[in-house]
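Q:
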Amino acid sequence: MPRLSERSFTSVTCFIIFFLISVKTGFPQTYTSPLVSEGGVDTHLYKCDTVMFDATALEDGSSTVEARTFYAGLSMLHSPYLSIFYIPLKYDLNNYFRIMFSLPYLTKTLVYDNTHYIKSGYGDTMMGVMFSVSPFDAFTSSTTVRMTFPTGNVNAQDFNYYIPMGYGGYTASIQESISTNDFDAGFADIRLFASGIYIYYFTSSQQIDQVEKNTFDKSYAWSVMGGIEFGLTENLALQCKMNYIVMPERKYESSVTPGEWIDANDSIKQINILPFIKYQFLDDISGQAGLIYSVKTTQDTDISTTYDPKWKIAWSIEKKFSSSGPPSDESRGKVLSSEPKNESYVSTAQKKKYIKKKKSRRKRRKQVGTY
25 MPRLSERSFT
35 SVTCFIIFFL
45 ISVKTGFPQT
55 YTSPLVSEGG
65 VDTHLYKCDT
75 VMFDATALED
85 GSSTVEARTF
95 YAGLSMLHSP
105 YLSIFYIPLK
115 YDLNNYFRIM
125 FSLPYLTKTL
135 VYDNTHYIKS
145 GYGDTMMGVM
155 FSVSPFDAFT
165 SSTTVRMTFP
175 TGNVNAQDFN
185 YYIPMGYGGY
195 TASIQESIST
205 NDFDAGFADI
215 RLFASGIYIY
225 YFTSSQQIDQ
235 VEKNTFDKSY
245 AWSVMGGIEF
255 GLTENLALQC
265 KMNYIVMPER
275 KYESSVTPGE
285 WIDANDSIKQ
295 INILPFIKYQ
305 FLDDISGQAG
315 LIYSVKTTQD
325 TDISTTYDPK
335 WKIAWSIEKK
345 FSSSGPPSDE
355 SRGKVLSSEP
365 KNESYVSTAQ
375 KKKYIKKKKS
385 RRKRRKQVGT
395 Y
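In our numbering, the protein residues as written are 25 to 395.
#1: Start and end of the alpha helix (DSSP H) containing LEU69?
#2: Would you report the Cα separation of TYR55 and ARG274, rounded to the nearest angstrom?
#3: Can you give the beta carbon distance from GLY190 to PRO174, rounded, assuming they're within the 8 Å contact cut?
#4: Let me check understanding here. Comparing Cα to Cα, which of LEU262, ALA288, ALA196, PHE183 lies closest to PRO299?
#5: Should MET154 be labelled buried (16 or more other beta-carbon atoms within 10 Å of its own) or exposed?
#6: State whether the region 176-187 contacts the region 199-218, with contact taken as three or more CB pairs (one from each stretch) at a distance under 8 Å.
#7: Among the residues of its own chain, which have a CB less than 7 Å from the CB of ILE187, if the five just before and after it don't count?
#8: Quick check on the DSSP output: the beta strand (DSSP E) that includes ASP213 runs from which residue to which?
#9: Considering Cα atoms alone, identify which of PHE345, THR322, SER347, SER318 is closest to LYS334.
#10: Kindly list the residues whose CB is nearer than 7 Å to the CB of GLY311, restricted to its own chain and excluding five residues on each side of it in sequence; keep chain order.
#11: How do the region 278-294 and the region 312-331 stand: do at least 3 beta-carbon pairs fall below 8 Å, yes or no?
#12: Please classify MET76: does DSSP put it in a helix, a strand, or coil?
#13: What residue ranges within the region 72-137 form continuous alpha helix (DSSP H) runs of no fewer than 4 residues, ordered along the chain?
#14: Rounded to whole angstroms, what is the Cα-Cα separation between ARG92 and ASP206?
#15: Compare the beta carbon distance of PRO112 and SER126 with 9 Å and say whether it is the shorter of the two.
#16: Apart from the five residues just before and just after ALA196, which ones in its own chain have a Cβ nearer than 6 Å to its Cβ?
#17: Just to confirm the assignment: which complete beta strand (DSSP E) runs, minimum length 3, are found wholly within the region 306-344?
#18: Would DSSP call PHE183 helix, strand or coil?
#19: Flag this pair as yes or no: are the beta carbons of GLN234 and ALA79 separated by less than 9 Å?
#20: Tell me whether PRO282 is buried or exposed, calling it buried when 16 or more other Cβ atoms sit within 10 Å of its Cβ.
#21: For LYS242, does the count of other Cβ atoms within 10 angstroms reach 16, so buried, or fall short, so exposed?
#22: Answer with buried or exposed for PRO128, where buried requires no fewer than 16 other C-beta atoms within 10 angstroms of its C-beta.
#23: Have a look at the DSSP bridge pairing and note the partners of ILE198.
#24: Using a Cβ-Cβ cut-off of 6 Å (strictly less than) and excluding sequence neighbours within five positions of TYR95, which residues of its own chain qualify?
#25: Report the option in TYR120, GLY64, LEU101, PHE109 whose CA atom is closest to the CA atom of GLU90.
#26: Which word fits GLU363, buried or exposed, when buried means at least 16 other C-beta atoms lie within 10 angstroms of its C-beta?
#27: Measure the C-alpha to C-alpha separation of GLY250 and ILE232 and round it to an integer number of angstroms.
#28: For ASP161, which three-state DSSP category applies?
#29: With 16 other CB atoms within 10 Å as the buried threshold, where does LEU59 fall?
#30: In angstroms with no decimal places, state the Cα-to-Cα distance between SER247 and PHE77.
#31: Run through the DSSP bridge pairs and tell me what MET154 is partnered with.
Written out as structure tokens, the structure is:
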């Protein structure tokens, strides 16, 4: 009888082990959409880089490219569930081209069953180039191309809940921004601007465990933004922006069942209003701050319980470092007609800025005081 019991125990143990191995290797673990958690909308929308934040919140079409000029500053996005902090670096190669770099530090919070799961770390690196022109000095057009590199940890976890610090693949985007010149409305100088961006997400992967891996198919997102600026003084302006962001649903396949594409249930459509204030100190320090308030958010229809995004604060400050070297051949001879020709050369970008100042009521005061 004891021998029979021992054999029975051994058989049951072997069956259980075989069953667990079969379940582990034969059936894929279902990907959990970030939208099922509180905070999932913000962390999924802004991903793990600075592209979406820069393009839909900080952009206002006012960038002026000046040859051999370096820019450095601080930028931040903060909400109850997402914080992005980074040092944007920019350098103007000439009067038309600018190169850019950023590496964000992220803090994400996802809430499951009233329990907060938090993860922090560096995100994905962004490199970009911008081309800016002002045709006939009537408006400014800027085209920006960005690419991100998977430097963040896509498999980051907090107590077995995935909170990615990286996308897990490359992304590429192109953005077009247009801004009018200032025109005097009596009580303030008014400027209109608009922008649109298209982001392409390459194939990415996430390692579930030592056996299983989820591979996400190529996807995309796009957004349009428009706004108006009221220049109150030489160094202070108010802005009101509105954007519309669309992020379609992704598909993924498990390494356990290759070739079978599964819906990720993570589509988002969102409308935001952004009241901002712009400020400037001296001639080489400028910044902006504002709120991102979601008016309407439409989430994937397969999500039974949805959580609305929270308010967000955006802030940035930037310091400009101009080169003190001799003028280039491109800038040589481009002298303002209203300035005495005393070998004081100015670049095309500086000339555009000077012309805008002449057309601006708030900046004419500054010129009168100077002369």
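Glycine included, every Cβ here is placed at the ideal spot set by N, Cα and C.
A: Looking at the coordinates:
#1: The count along the sequence shown starts at 1 and reaches residue 69 at position 45. Note, LEU69: alpha helix (DSSP H), 64-69.
#2: Stepping through the sequence shown from its first residue, residue 55 is reached at position 31. Stepping through the sequence shown from its first residue, residue 274 is reached at position 250. Rounded to whole angstroms, TYR55 to ARG274 spans 11 Å at the Cα level.
#3: Position 166 of the sequence shown, counting from 1, holds the residue named residue 190. Position 150 of the sequence shown, counting from 1, holds the residue named residue 174. About 5 Å separates the two Cβ atoms, so the contact holds.
#4: Position 275 of the sequence shown, counted from the start, is the residue given in the question as residue 299. Comparing Cα positions, the closest option is LEU262.
#5: By 1-based counting over the sequence shown, the position of residue 154 is 130. Counting other Cβ atoms within 10 Å of its Cβ, MET154 reaches 16 or more and is therefore classed as buried.
#6: no
#7: Taking the sequence shown and counting its residues from 1, the one referred to as residue 187 is at position 163. Only LYS132, LEU134, TYR141, LYS143, ALA180, GLN181 meet the Cβ criterion.
#8: In the sequence shown, the residue the question calls residue 213 occupies position 189. That run of the beta strand (DSSP E) goes 213-225.
#9: Here residue 334 refers to the residue found at position 310 of the sequence shown. Comparing Cα-Cα distances from LYS334 to each of PHE345, THR322, SER347, SER318, the minimum goes to SER318.
#10: Locating residue 311 in the sequence shown gives position 287, counting from the first residue. Non-local beta-carbon contacts of GLY311 in its own chain, meaning distances under 7 Å to residues more than five positions away in sequence, involve TYR303, SER340, ILE341, GLU342 in chain order.
#11: By the Cβ rule, the region 278-294 counts as touching the region 312-331, because three or more pairs are nearer than 8 Å.
#12: Taking the sequence shown and counting its residues from 1, one reaches residue 76 at position 52. If DSSP states are grouped into helix, strand and coil, MET76 belongs with the helices.
#13: Restricting attention to alpha helix (DSSP H) runs no shorter than 4 residues, the region 72-137 encloses none.
#14: For this step, residue 92 is matched to residue 68 along the sequence shown. For this step, residue 206 is matched to residue 182 along the sequence shown. Using only the alpha carbons, I get a separation of about 26 Å.
#15: Along the sequence shown, read from residue 1 onward, the residue named residue 112 stands at position 88. Along the sequence shown, read from residue 1 onward, the residue named residue 126 stands at position 102. With contacts defined by Cβ atoms closer than 9 Å, PRO112 and SER126 form a contacting pair.
#16: Looking up residue 196 in the sequence shown gives position 172. Excluding residues within five positions, the ones whose Cβ falls inside 6 Å are MET171, TYR224.
#17: 309-323
#18: Here residue 183 is taken as the residue at index 159 of the sequence shown, counted from 1. Residue state, collapsed to three classes: coil.
#19: Residue mapping note: residue 234 aligns to position 210 of the sequence shown, counting from 1. Residue mapping note: residue 79 aligns to position 55 of the sequence shown, counting from 1. No, they are not a contact pair.
#20: Taking the sequence shown and counting its residues from 1, one reaches residue 282 at position 258. Result: exposed.
#21: The sequence position of residue 242 within the sequence shown is 218, counting from 1. That one is exposed.
#22: One-based indexing of the sequence shown puts residue 128 at position 104. Around the CB of PRO128, 16 or more other CB atoms lie within 10 Å, so the residue is classed as buried.
#23: The residue given as residue 198 occupies position 174 in the sequence shown. According to DSSP, ILE198 bridges with VAL169, TYR222.
#24: As a first step, residue 95 must be located in the sequence shown, where it is residue number 71. Answer for TYR95: LYS114, GLU342, LYS344, listed in chain order.
#25: The residue labelled residue 90 in the question sits at position 66 within the sequence shown. Answer by Cα proximity: TYR120.
#26: Counted from its first residue, the sequence shown places residue 363 at position 339. Note that GLU363 scores a pLDDT of 41, beneath 50, so its modelled location is shaky and nothing firm can be said.
#27: Walking along the sequence shown from the start, residue 250 turns up at place 226. Walking along the sequence shown from the start, residue 232 turns up at place 208. Distance between the alpha carbons of GLY250 and ILE232 is about 41 Å.
#28: For the purposes of this step, residue 161 is taken as residue 137 along the sequence shown, with counting starting at 1. Here ASP161 sits in helix by DSSP.
#29: As a working mapping, residue 59 is identified with position 35 in the sequence shown. So LEU59 ends up on the buried side.
#30: Counted from its first residue, the sequence shown places residue 247 at position 223. Counted from its first residue, the sequence shown places residue 77 at position 53. Each residue's alpha carbon lies about 11 Å from the other.
#31: Position 130 of the sequence shown, counted from the start, is the residue given in the question as residue 154. In DSSP, MET154 forms a bridge with ARG122, THR168.
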